[in-house]
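Asker: Take this structure first; my questions come after.
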């Protein structure tokens, strides 16, 4: 698909519908249909930190179909059929950043921000500070401290998932301190 001179990547993944308790319903649908119909499905994201505690932030490519050019605090995407949150998060880290890591699932919640409601599994991983993002997915990336990121969230255009997931992530970390 083309928009002006830019190529837009549209990939329609197969996902499993889940209920409001995050139980698989046994129905496989396309992600586009799940979004269009407002059906719950699973999405896995990872907040990436480096050894110094900085957080990876990236700007989505103009080529992606969902929220092109917006910033994100987390890396992730839809869980494929039969995939756990952890498996989906690890796969997305490899696809988007070119790294292999074992993200740790922190919590899940129904996220009603964004294009449609979905269960969001929020993970955390310590990753190398040298990553090789897929240019079809990531236009820019950088490492920010928490205060820098809090400031950026007020001024930059982030995806709805980023704001919701990061505020819950900070609350989770505070509660565990």
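Numbering (full-length UniProt numbering), first residue to last: 1 to 177. Each residue gets a CB set at the ideal place from its N, CA and C atoms; glycine is no exception.
Compute the beta-carbon to beta-carbon distance between residue 133 and residue 96, rounded to the nearest angstrom, for a pair I have assumed lies under 8 angstroms.
Answerer: Contact holds; Cβ gap of about 6 angstroms.
Asker: Could you pull out every residue in the same chain whose Cβ sits closer than 8 angstroms to the Cβ of residue 72, ignoring the five residues on either side in sequence?
Answerer: Correct list, in chain order: 57, 58, 59, 60, 158, 159, 161 and 162.
Asker: So, for residue 27: in the same chain, excluding its five sequence neighbours on each side, which residues have a beta-carbon less than 6 angstroms away from its beta-carbon?
Answerer: Same-chain partners within the cutoff: 17.
Asker: Please tell me whether residue 42 and residue 79 are closer than 9 angstroms, where the distance is taken between their beta carbons.
Answerer: Taking 9 angstroms as the Cβ cut-off, residue 42 and residue 79 qualify as a contacting pair.
Asker: Give a yes or no on contact between the stretch 98-109 and the stretch 148-157, applying the rule of three or more CB pairs nearer than 8 angstroms.
Answerer: No, the stretch 98-109 does not touch the stretch 148-157.
Asker: Span of the beta strand (DSSP E) holding residue 111?
Answerer: That run of the beta strand (DSSP E) goes 104-111.
Asker: Return the CA-CA distance between residue 178 and residue 52, expressed in angstroms with no decimal places.
Answerer: The chain is shown only over 1 to 177; residue 178 falls outside these bounds and no answer can be derived.
Asker: Taking residue 155 as part of the alpha helix (DSSP H), name the residues at either end of that continuous run.
Answerer: Its alpha helix (DSSP H) spans residues 146-155.
Asker: Can you give the Cα-Cα distance for residue 94 and residue 100, rounded to whole angstroms?
Answerer: Roughly 6 angstroms separates the two Cα atoms.
Asker: Which one or two residues does DSSP pair with residue 49 in a beta bridge?
Answerer: Answer is 55 and 126, bridged to residue 49.
Asker: Just to confirm, does residue 156 get its C-beta within under 8 angstroms of one of the non-hydrogen atoms of the ligand FMN?
Answerer: This structure lacks the ligand FMN, and indeed carries no ligand of any kind.
Asker: Within 10 Å of its beta-carbon, does residue 81 have 16 or more other beta-carbons around it, so buried, or fewer, so exposed?
Answerer: Exposed.
Asker: Between 31, 55, 65 and 119, which lies nearest to residue 145 when the distance is taken from Cα to Cα?
Answerer: It is 55 whose Cα lies nearest to the Cα of residue 145.
Asker: Between residue 9 and residue 76, what straight-line distance do the alpha-carbon atoms span, to the nearest angstrom?
Answerer: Reliability of the predicted coordinates at residue 9 is poor, the pLDDT of 43 falling under 50, and no value is obtained from them.
Asker: Would you mind giving the Cβ-Cβ distance between residue 136 and residue 50, rounded to the nearest angstrom? I have them listed as a contact below 8 angstroms.
Answerer: Not quite, the Cβ-Cβ distance comes to about 24 angstroms (not below 8 angstroms), so this is no contact.
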